[in-house]
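Residue numbers (the working numbering), protein chains in the order written: chain A, 983 to 1215; chain B, 220 to 438. For every residue, glycine included, the Cβ atom is placed at its ideal position computed from N, Cα and C.
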Amino acid sequence: MIFVEEEMEKERLTALEAGLFNCLDCHLLAPEGEMPADRRCPRCGARLHPRKPNSMQRTWAMLITSMILLFPANLLPIMTVTYLGNREPNTIMQGIEHFVHSGDYFIAVIIFFASILVPAFKIVGIALILISIHRQWKTWLRHRTLMFRLIRFIGRWSMLDIFVIAVMVALVNMGGLSTIVPAPGATYFAAVVVMTMLAANTFDTRLMWDRLKGTGLNRRSHPRTRRDRRRTI
Amino acid sequence: MIPPQEKNTGMDLERLIACPECDLLLRRIHVRPKVKAICPRCRSLLFQVKPDPVERTLILSLTGLILFVPAMILPIMRLNALGLEQSAGILQWVSALFRTGFSLVGLVVLLTVAVIPLVKLTLLFHVSMGIRMGTGWKILGPSFRIYHHMDEWGMLEISTLGILVSIIKLKDMAQISYGTGLLCFALLMIVSLWASNTLDQHEYWALMKRRKSRTGSDG
């Protein structure tokens, strides 16, 4: 492993402060001065912006939409089970209760995580991060970035319940004996998951770190590696 | 303060990298394969060098494409209750959702389980093959960008967990038998995850860049 001989500058710079746009699609650094008229990345053709355009407004819009959609998603039934003529609508929470009663605690925990905790955590987490930017917080930056990374990583797994519904609806279709059909909550729930994923995509974590500009709080400026932390210079 | 313009001229942009999460400007370092280069400020993963990324991704994406058709068409499982039988594959999931009037949910399932995984594998194959054969970056660049944006919307692993959950949900209600589709689907999931794991985005872009400059000097 070869590390750089010395630290780059005495004052650490962000790419933007150095007059460089970082292409988020192909990681090319494009100098602002030599930018072509259409502002596209010379390597991959993506449109370049100093930061994601209107990131805060877009993320707030998606986030508020998903907050509103979260209510019908949780209160309305997501599927209706008909067994021997008995119609029984099920909400997400009732589905979890069903697993608890039948003793499948492991599955109950998985569904509870994926369908209830993760969407709630995502919405609260992103809202917290957005508020922290509005309030110009300069602390807990690494933790907030880590939280956002976690939100992006686990967010997709909320879709689990939608796939369970798809399998059940396709399989349990036995005429008079038993049928399962989706109920309106399913559409709202899928919309919540898609909306929160879009909210996470439009958010730009660099906005948090931009608050450090000129405070001299930027730290060392060569990459570390997890394995060879000690050998960094 | 030195004005930015002056600062740029002294820098070799090839040797620099900016953290995608906190925008800190860093020198690119050489790391051994599989070692993760981490941003010292925000601790995000900057890059990780993968061994033989092009060959491995090429083989895995081709395997995935071969598995794709049986995984979609063959029934995943069969339900047996009081002599009544019902089997379903991925396409039946979608058609069942459309039939019951939930076309938006059906569309989401169709995209995340079938369309996007297929497009992702095709693009990976196309780009890896293109780099291997030395075809033009002009076609490969946009393809690889589409791949990059689609990445998180392919949900094969999540739907596999969905299948497992529904098996547990249905096991008391009826007898379940498993089809060849389940095997193909599970393999498809593993191969797709593996393919995106062996892929080295930075290396791919660097290879495409090199092609571009070569064709530029030729013409």
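Counted within 10 angstroms of its Cβ, other Cβ atoms place residue i as buried (16 or more) or exposed
| i | result |
| --- | --- |
| ALA1012 (chain A) | buried |
| ARG994 (chain A) | buried |
| VAL288 (chain B) | exposed |
| PHE321 (chain B) | buried |
| TRP372 (chain B) | buried |
| HIS368 (chain B) | exposed |
| ASP391 (chain B) | exposed |
Residue-chain proximity (residue i, chain A), Cβ-Cβ < 8 Å
| i | result |
| --- | --- |
| PRO270 (chain B) | no |
| LYS388 (chain B) | yes |
| SER263 (chain B) | yes |
| VAL346 (chain B) | no |
| THR276 (chain B) | no |
| ASP391 (chain B) | yes |
| GLY400 (chain B) | no |
| PHE321 (chain B) | yes |
| ASP242 (chain B) | yes |
| GLU422 (chain B) | no |
| LEU303 (chain B) | yes |
| VAL273 (chain B) | no |
| VAL338 (chain B) | no |
| GLY353 (chain B) | no |
| CYS316 (chain B) | The sequence given here has Leu at residue 316 (chain B), not Cys. Interface residue, yes. |
| MET374 (chain B) | yes |
| SER385 (chain B) | yes |
| VAL334 (chain B) | no |
| GLY349 (chain B) | no |
| PRO361 (chain B) | yes |
beta-carbon residue i near the ligand ATP non-hydrogen atom, thresh 7 Å
| i | result |
| --- | --- |
| ALA1168 (chain A) | By its list of ligands, the structure shown contains no ligand whatsoever, and the ligand ATP lies outside what it can speak to. |
Beta carbon proximity, residue i to chain B, threshold 8 Å
| i | result |
| --- | --- |
| PRO1164 (chain A) | yes |
| ASP1020 (chain A) | no |
| MET1049 (chain A) | no |
| ALA1090 (chain A) | no |
| MET1129 (chain A) | no |
| MET1150 (chain A) | yes |
| PHE1095 (chain A) | no |
| LEU1002 (chain A) | yes |
Closest Cα partner of residue i within the set the options
| i | options | result |
| --- | --- | --- |
| LEU337 (chain B) | B:ILE278, B:MET291 and B:CYS258 | B:MET291 |
| VAL273 (chain B) | B:GLY360, B:LYS390, B:MET348 and B:SER411 | B:MET348 |
| MET1044 (chain A) | A:GLU1016, A:CYS1008, A:ASP1007 and A:VAL1175 | A:VAL1175 |
| LEU1066 (chain A) | A:VAL1154, A:CYS1005 and A:LEU1189 | A:VAL1154 |
| LEU1112 (chain A) | A:PRO1101, A:ARG1126, A:VAL1100 and A:ARG1029 | A:ARG1126 |
| LEU279 (chain B) | B:ALA414, B:LEU426 and B:TRP424 | B:ALA414 |
| PRO1032 (chain A) | A:PHE1003, A:MET1129, A:GLN1039 and A:MET1017 | A:PHE1003 |
| LEU265 (chain B) | A:PRO1035, A:GLY1027 and A:CYS1008 | A:CYS1008 |
| ALA1173 (chain A) | B:VAL324, B:ILE335 and B:PHE404 | B:VAL324 |
| LEU329 (chain B) | A:GLU999, A:VAL1149, A:ASP1086 and A:CYS1026 | A:VAL1149 |
Between the CA atoms of residue j and residue i - distance to the nearest angstrom
| i | j | result |
| --- | --- | --- |
| ILE1115 (chain A) | ALA1019 (chain A) | 31 Å |
| ILE1074 (chain A) | ALA1168 (chain A) | 9 Å |
| ILE1147 (chain A) | ILE1092 (chain A) | 15 Å |
| ALA1152 (chain A) | ALA315 (chain B) | 5 Å |
| THR331 (chain B) | ILE248 (chain B) | 36 Å |
| ASN299 (chain B) | PHE1145 (chain A) | 21 Å |
| ASP1143 (chain A) | LEU232 (chain B) | 46 Å |
| LEU1164 (chain A) | ILE395 (chain B) | What sits at residue 1164 (chain A) in the sequence shown is Pro, not Leu. Rounded to the nearest angstrom, the two C-alpha atoms are 21 Å apart. |
| ALA237 (chain B) | ALA333 (chain B) | 35 Å |
| SER1203 (chain A) | GLY1015 (chain A) | Confidence at SER1203 (chain A) is low in this model, with a pLDDT of 45, below 50, so its placement is unreliable and the value that follows should be read with caution. Approximately 24 Å, taken between the alpha carbons. |
| LEU402 (chain B) | PRO361 (chain B) | 33 Å |
| GLY353 (chain B) | ARG1022 (chain A) | 24 Å |
| LEU310 (chain B) | LEU412 (chain B) | 21 Å |
| PHE1088 (chain A) | LEU244 (chain B) | 45 Å |
| PHE1081 (chain A) | GLN1118 (chain A) | 45 Å |
| LEU326 (chain B) | LEU1194 (chain A) | 43 Å |
| THR341 (chain B) | ILE1162 (chain A) | 35 Å |
Inset, instruction - Report yes or no: do the region 1135-1144 of chain A and the region 1090-1105 of chain A share at least 3 C-beta pairs separated by less than 8 Å? - result: Counting Cβ pairs under 8 Å, three or more are found: they touch.
Inset, instruction - May I ask you to verify whether the region 1061-1073 of chain A touches the region 1101-1113 of chain A, counting CB pairs closer than 8 Å and requiring at least 3? - result: The region 1061-1073 of chain A is not in contact with the region 1101-1113 of chain A.
Inset, instruction - For the region 374-389 of chain B and the region 397-415 of chain B, state whether three or more C-beta atom pairs, one from each stretch, are separated by less than 8 Å. - result: yes
Legend entry - Cβ contact check for the region 414-424 of chain B and the region 260-280 of chain B: 3 or more pairs under 8 Å: yes
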